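Undergrad: Next up is a structure, given as structure tokens.
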Amino acid sequence: MPAIEDRQQLEHALALAYRYLNRRDRTVSEVRRHLEHRGITAAALAQALETLLEQGYLDDSRYARLFTADKRELEQWGGGRIRRALLERGVERELVEGALASQQSELERALALLRRRFPSPPVDRRERERALGVLLRKGYESELALDALSAYARGA
């Protein structure tokens with residue numbers, strides 16, 4: 766009898782996971798938390814995660830690459846903000862660093878953001894502070910944000 770209950774628990778875990786993954790890609794950690802919250806047993810949880818990994822539904826490396834590209838291109842996030850978001854989602858630090866390293870230079874992205882938001886380089890103190898604030902809120906490190914502002918003022 767326990768084998769039947771285990772099988773039913775696994776099928777239930779997989780059904781919950783498929784429904785959860787249907788909305789968007791998730792990390793292994795996110796799916797684990799979701800299934801734990803739904804009361805799935807440890808054995809069924811481990812089997813379900815293994816099955817999802819084998820089937821390719823879960824891939825933290827792919828998730829980190831796509832998340833990084835989306836946040837950089839669509840929302841102009843900086844590396845610091847992306848790193849924090851991925852780590853909060855349970856992606857391993859090595860995968861996060863690999864995804865961040867594979868993208869164009871952080872300074873180039875900061876300059877592109879400044880060019881889009883400020884058609885001409887900020888000249889007075891108030892404009893420079895606004896531009897710096899934009900970069901900092903997007904997650905760029907303060908030193909890099911200052912370098913980007915200086916480069917933009919020089920015409921880079």
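According to our numbering, the sequence shown holds residues 766 to 921 in order. Cβ coordinates follow ideal geometry from the N, Cα and C atoms, glycine included. Please read all numbers here as calculations on a predicted model, not as lab measurements.
Cutting at 8 Å between CB atoms, please list the residues of its own chain near residue 852, excluding the five before and the five after it.
TA: Indexing the sequence shown from 1 puts residue 852 at position 87. Same-chain partners within the cutoff: 858, 861.
Undergrad: Specify, as a first and last residue, the run of the alpha helix (DSSP H) that residue 888 falls within.
TA: In the sequence shown, residue 888 corresponds to position 123, counting from 1. First-last for residue 888: undefined, no H or E at that position.
Undergrad: For the alpha helix (DSSP H) containing residue 856, list its first residue and its last residue.
TA: For this step, residue 856 is matched to residue 91 along the sequence shown. Element bounds for residue 856: n/a, residue is neither H nor E.
Undergrad: Where does residue 907 fall in DSSP's three states?
TA: Against the sequence shown, residue 907 aligns to sequence position 142. In this structure, residue 907 counts as helix in the three-state DSSP scheme.
Undergrad: At the level of alpha carbons, what is the spacing between residue 798 and residue 855?
TA: Stepping through the sequence shown from its first residue, residue 798 is reached at position 33. Stepping through the sequence shown from its first residue, residue 855 is reached at position 90. Roughly 10 Å separates the two Cα atoms.
Undergrad: Tell me which same chain residues have a C-beta within less than 7 Å of the C-beta of residue 865, skipping the five on either side of it?
TA: Along the sequence shown, one-based indexing puts residue 865 at 100. Around residue 865: 833, 844, 847, 848.
Undergrad: Cβ of residue 774 within 9 Å of Cβ of residue 811?
TA: In the sequence shown, the residue the question calls residue 774 occupies position 9. In the sequence shown, the residue the question calls residue 811 occupies position 46. Contact: no.
Undergrad: Should residue 796 be labelled buried (16 or more other beta-carbon atoms within 10 Å of its own) or exposed?
TA: Residue 796 sits at position 31 when you count from the first residue of the sequence shown. By the 10 Å Cβ count, residue 796 comes out buried.
Undergrad: Assign residue 822 to one of three DSSP states: helix, strand, or coil.
TA: If you number the sequence shown from 1, residue 822 lands on position 57. Residue 822: coil per DSSP, three-state reduction.
Undergrad: In or out: residue 905 buried (at least 16 other Cβ within 10 Å) or exposed?
TA: One-based indexing of the sequence shown puts residue 905 at position 140. Residue 905 is buried by the Cβ-count criterion.
Undergrad: What is the rounded straight-line gap between the Cα of residue 908 and the Cα of residue 777?
TA: Position 143 of the sequence shown, counted from the start, is the residue given in the question as residue 908. Position 12 of the sequence shown, counted from the start, is the residue given in the question as residue 777. If you take the alpha carbons of residue 908 and residue 777, they lie about 50 Å apart.
Undergrad: If you check the beta carbons only, do residue 875 and residue 912 fall under 9 Å apart?
TA: The count along the sequence shown starts at 1 and reaches residue 875 at position 110. The count along the sequence shown starts at 1 and reaches residue 912 at position 147. Cβ distance < 9 Å, so residue 875 and residue 912 count as in contact.
Undergrad: Could you tell me the alpha carbon to alpha carbon distance between residue 793 and residue 880, rounded to whole angstroms?
TA: On the sequence shown, residue 793 is found 28 positions in, with the first residue counted as 1. On the sequence shown, residue 880 is found 115 positions in, with the first residue counted as 1. Cα-Cα distance, rounded: 37 Å.
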